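Data block below; observations after.
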Amino acid sequence: MSYTHALSLVLCFFNLQLITDSMCLSVLTLLFSRLDIFSVHHFLSVNPFSCFKICILTAFEISPPEELLEAFSKLTMDPSSQHIPPPGAAETMPGDLQPPKIGQKSHAFDRLHTTPRDVPEGIRTPKRQHSSRFDISDQRQRDLEKLPGFHEVPPNRRQDLFMQKIEQCNIIFDFNDPTGDMKSKEIKRLALHELLDYVANNRSVITDPMYPKVVEMFAKNLFRPIPPPVNPQGDTFDPEEDEPVLEVAWPHIQVVYEFFLRFIESQDFNTNVAKAYIDQHFVLQLLELFDSEDPRERDFLKTTLHRIYGKFLNLRSYIRKSIGNVFFQFMYETERFNGIAELLEILGSIINGFALPLKPEHKTFLTRALIPLHKVKSLSMYHPQLAYCIVQFLEKDSTLTEEVVLGLLRFWPKTNSTKEVMFLNEVEDIFEVMDPREFAKVQEPLFHQLAKSVSSPHFQVAERALYFWNNEYFCNLVGDNVETILPIMFPSLYENSQGHWNRTIHSMVYTAMKMFMEINPQLFDDCSHEYRELQESAPAREQSRKAKWEKLEELAKAQKNKDHATLRSNKPFAKLPSHPEDPELIAQDNRQRLNALKLHDEAETTKDSNQHRLPEREGQHSVSGSHVG
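Going left to right, the sequence shown walks through residues -24 to -1, 1 to 605 as mature numbering (1 follows the signal peptide of the UniProt record, and there is no 0) numbers them.
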């Protein structure tokens, strides 16, 4: 860094009221003596106050004079001098990172107002969102030296340089401390970018010794235990309401993902060599990372797993089975997993590539893993992806329609109106691909549920159900089966046309009834007449129902009295002791009963033995008689 740049940066700090003019003069000659490799842009990506502290401590070799420390401890930050670093900077705070998708809330936070009041004045650090539990490298290993670029060495040395840069990227830093190891963090970040450019822009550069090193580097940087989600406010974490915690180590993690994707997408990538290192254990560890709260990481994981599924044919069945196990654990044990939507998105692409006819294992996956996912209370987090997978299965095999529709009806929500609207959306998507022959199998149970939804007092549920009549294909299916559907739907439509509180529902019901009337006027009149008769006979039917219940109660009372009388008339088989609670009397009575049973058994035994001996004695008498004669 030049003297002019150093002077400009110090004057910048002075203008921000972070240091005084006397301090500028005293430290100007030493401030940047040991910081030649850093750039002004890199310093401006962090908090200016922290930057000034680093400059001073580094300039004095972490041992500044006591008078400088005393002056430094008196510094306080001016609220007007708040600095927001640019998104994606190497040392960006997690609150400043912009999420990748539109519609999410900003994670920026006020650094000054979040500082606890009990912290003494002086050097204050803002609250930070936690990082994952990385295995931080040893302090001696974290002191990196910048290596030359690939264009700076001859071609015969580039493979060795590649391995050296991979070794540098195996060093793990603690991003919870943004002021620690800044030089080495920047060296690693630059090394990752150089590796990425080298693989992406060159041909025939991937050799067999690189495969284990690249996979090892990927595992060291990314495979780690994911901490459980914690709401900093103290309440239970709600994935639908609470903001996700962004990964503070993202400046390194992002480039690792990009490099690995470029590596396996390269035309020089040899799957036969890589399968020895990218195995089932690797896939399991990759699936565990889908529980990360950072949506940016889950998006990279989705792409990475999809590429592995496409490249490694030997892992396809195992990947599908492992994803199913994640779903089972989510449904029946935890009901919490952040990456369900991303896994379903991968499955949607996989299902789209299934060959026909579908294998039995694919149908089993649909019925046991996908359909039960509708019962989880956090369905809204992944429902669009789940509905897409269901529709993909039905497009492949229309005979699965009955099983899918009956499964949806089995898990149909009773009190959650928001969830019921999602179910109705999915049913309409299913109608789009439903075969008329399969529709005839499910029309009765399906329209019984639609009739309940139309009658819902929640206007959004009723409105969504009535929107079906705006679908041309749905109306064609209804018209072909109007004799079955109209008697089911007529009571709900007629009652809503008269008594629903929302006027929009009135007009939509009128449109549906008008369509039925135009399709089959005679059937419509018959249903209207039958409904009117049922309404007129309702009091009589209610009276008959009450009379039947009263008669049933009388019969039950009579039977109860008869049973009591029978019990009183029957005599006990043996006289109970006068004091059954006396242990001696109870024991004596038991002995008497045992003796009686014993005598009875002996008598039966004697009788049986006499019967067996009788023929023998008769034979003896006959023999002796003949002898005498």
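Where is the CB? At the ideal position from N, CA and C, for every residue including glycine. Only a predicted model underlies this, so the values are computations on that prediction, with no experimental measurement involved.
Leaving out five residues on either side along the sequence, give the residues of the same chain with a beta carbon under 6 Å from the beta carbon of residue i.
i, result
"methionine 493", "Phe500"
"histidine 350", "Phe387"
"threonine 101", "Any answer about threonine 101 is weak, because its pLDDT of 36 lies below 50 and its placement is not dependable; what the coordinates show is given next. No residues qualify anywhere along the chain."
"proline 348", "Met307"
"glutamate 471", "none"
"leucine 426", "Ala441"
"leucine 362", "Leu320, Leu349"
"serine 432", "Ala438"
Would a C-beta distance cut-off of 8 Å place residue i and residue j closer than the cut-off?
i, j, result
"tyrosine 285", "glycine 324", "no"
"leucine 120", "isoleucine 147", "yes"
"serine 374", "aspartate 405", "no"
"valine 259", "serine 298", "yes"
"glutamine 368", "asparagine 314", "no"
"leucine 442", "methionine 484", "yes"
"leucine 198", "valine 232", "yes"
"leucine 222", "aspartate 270", "yes"
"glutamine 478", "phenylalanine 435", "In the sequence under discussion, the amino acid at residue 478 is asparagine, which differs from the glutamine named in the question. Taking 8 Å as the Cβ cut-off, asparagine 478 and phenylalanine 435 qualify as a contacting pair."
"glutamate 162", "isoleucine 229", "no"
Taking the alpha helix (DSSP H) that residue i falls in, what are its first and last residues?
i, result
"aspartate 275", "271 to 287"
"valine 221", "Element bounds for valine 221: n/a, residue is neither H nor E."
"serine 545", "514 to 545"
"arginine 386", "377 to 386"
"lysine 372", "359 to 372"
"phenylalanine 399", "393 to 408"
"valine 232", "226 to 241"
"histidine 482", "479 to 495"
"aspartate 456", "448 to 456"
"asparagine 197", "186 to 198"
"lysine 339", "336 to 341"
"phenylalanine 423", "412 to 430"
"valine 437", "435 to 442"
In its own chain, which residues sit with a C-beta less than 7 Å from the C-beta of residue i, not counting the 5 before and 5 after it?
i, result
"arginine 508", "none"
"arginine 283", "Leu237, Ile240, Glu241"
"leucine 319", "Phe266, Ile299, Val302"
"residue 635", "Outside the modelled stretch of the chain, which goes from -24 to 605, sits residue 635, for which no answer is possible."
"leucine 400", "Ser429, Arg440, Ala441"
So for residue i, helix, strand or coil by DSSP?
i, result
"serine 298", "helix"
"leucine 123", "coil"
"isoleucine 147", "coil"
"isoleucine 163", "helix"
"methionine -24", "With a pLDDT of 48 at methionine -24, under the threshold of 50, the modelled position of this residue cannot be trusted; read the value that follows with caution. Residue state, collapsed to three classes: coil."
"alanine 331", "coil"
"glycine 324", "helix"
"phenylalanine 19", "Residue confidence is low: phenylalanine 19 scores 40 on pLDDT, short of 50, so the model does not pin down where it sits. Its coordinate-derived value is still stated next. Three-state result, phenylalanine 19: helix."
"asparagine 248", "helix"
"lysine 141", "helix"
"isoleucine 562", "helix"
"leucine 11", "Only weak support exists for where leucine 11 lies, its pLDDT of 42 falling under 50; the value from the coordinates is given anyway. DSSP places leucine 11 in coil when its eight states are reduced to three."
"glycine 475", "helix"
"leucine 510", "helix"
"phenylalanine 313", "coil"
If we ignore side chains and look at the alpha-carbon of each, how far apart do residue i and residue j end up?
i, j, result
"methionine 489", "tyrosine 449", "17 Å"
"asparagine 246", "alanine 176", "15 Å"
"glutamine 243", "arginine 179", "8 Å"
"residue 642", "glutamine 511", "Residue 642 is absent from the model: the chain starts at -24 and stops at 605."
"glutamate 378", "glutamate 402", "14 Å"
"phenylalanine 304", "methionine 398", "22 Å"
"alanine 396", "tryptophan 226", "A quick correction: the sequence has glutamate, not alanine, at residue 396. Those two C-alpha atoms are separated by around 38 Å."
"asparagine 290", "histidine 338", "17 Å"
"histidine 476", "alanine 317", "37 Å"
"isoleucine 112", "phenylalanine 149", "6 Å"
"leucine 382", "glutamate 439", "23 Å"
"lysine 278", "tyrosine 486", "47 Å"
"glutamate 408", "serine 354", "26 Å"
Taking 8 Å as the limit between beta carbons, can you name the residues of its chain near residue i, skipping five residues before and five after?
i, result
"valine 380", "Leu342, Ile347, Ile366, Phe369, Leu370, Ile406"
"glutamine 144", "Leu120, Leu123, Ile163, Lys164, Ala167"
"serine 160", "Arg118, Asp119, Leu120, Ile147, Phe149"
"leucine 422", "Val381, Leu385, Val403"
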